[in-house]
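Down below is the structure, laid out as structure tokens.
Residue numbers (this note's numbering): 1478 to 1621.
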């Protein structure tokens, strides 16, 4: 049986509907949780049953080094600042193996930006300026 090593967390790329963006330094694919609902009918034994409640998908965070590209900022400006969330996009995080082959994908459905943070500036530093975009979404699915 062939050995299966774990995938590394530093080899990935993003595919965002209609947006071409240079490499990202960090992507946080957040939790998916389902509420458990306590339920008991009057004629049942004196203990609760657990039923499935609402499923919640936490926000996804993207971080990248600032370039002259305005695509992600414009997506934020066109959706949130104009008061419309109709411009939702599918975001796909592709994890790549040591040989450069695509190994797994996280598909984030109906994503739209809820928070944009420009990078901090520091006259004494020499770090790369990092922009951050936080995305609300309606589904996170791990696929092959």
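The beta carbon of each residue, even a glycine, is placed where N, CA and C say it ideally should be.
Cβ neighbour criterion (16 or more within 10 Å) applied to residue i
| i | result |
| --- | --- |
| residue 1598 | exposed |
| residue 1525 | exposed |
| residue 1608 | buried |
| residue 1592 | exposed |
| residue 1513 | exposed |
| residue 1620 | exposed |
| residue 1481 | exposed |
For residue i, the residue or residues it bridges with in DSSP
| i | result |
| --- | --- |
| residue 1515 | 1527 |
| residue 1619 | 1583 |
Nearest-angstrom Cα separation, counted from residue j out to residue i
| i | j | result |
| --- | --- | --- |
| residue 1606 | residue 1541 | 8 Å |
| residue 1492 | residue 1511 | 27 Å |
| residue 1586 | residue 1572 | 17 Å |
| residue 1497 | residue 1548 | 8 Å |
| residue 1610 | residue 1533 | 20 Å |
| residue 1618 | residue 1508 | 11 Å |
| residue 1485 | residue 1584 | 18 Å |
| residue 1478 | residue 1594 | 47 Å |
| residue 1543 | residue 1604 | 11 Å |
| residue 1495 | residue 1567 | 10 Å |
| residue 1529 | residue 1517 | 14 Å |
DSSP-derived helix/strand/coil call for residue i
| i | result |
| --- | --- |
| residue 1611 | strand |
| residue 1456 | With the chain running from 1478 to 1621 in the structure shown, residue 1456 is simply not present. |
| residue 1506 | coil |
| residue 1521 | coil |
| residue 1487 | coil |
| residue 1592 | strand |
Unbroken beta strand (DSSP E) runs of length 3 or more, entirely within the stretch 1524–1584: which are they?
1526–1534, 1537–1542, 1566–1573, all fully within the stretch 1524–1584.
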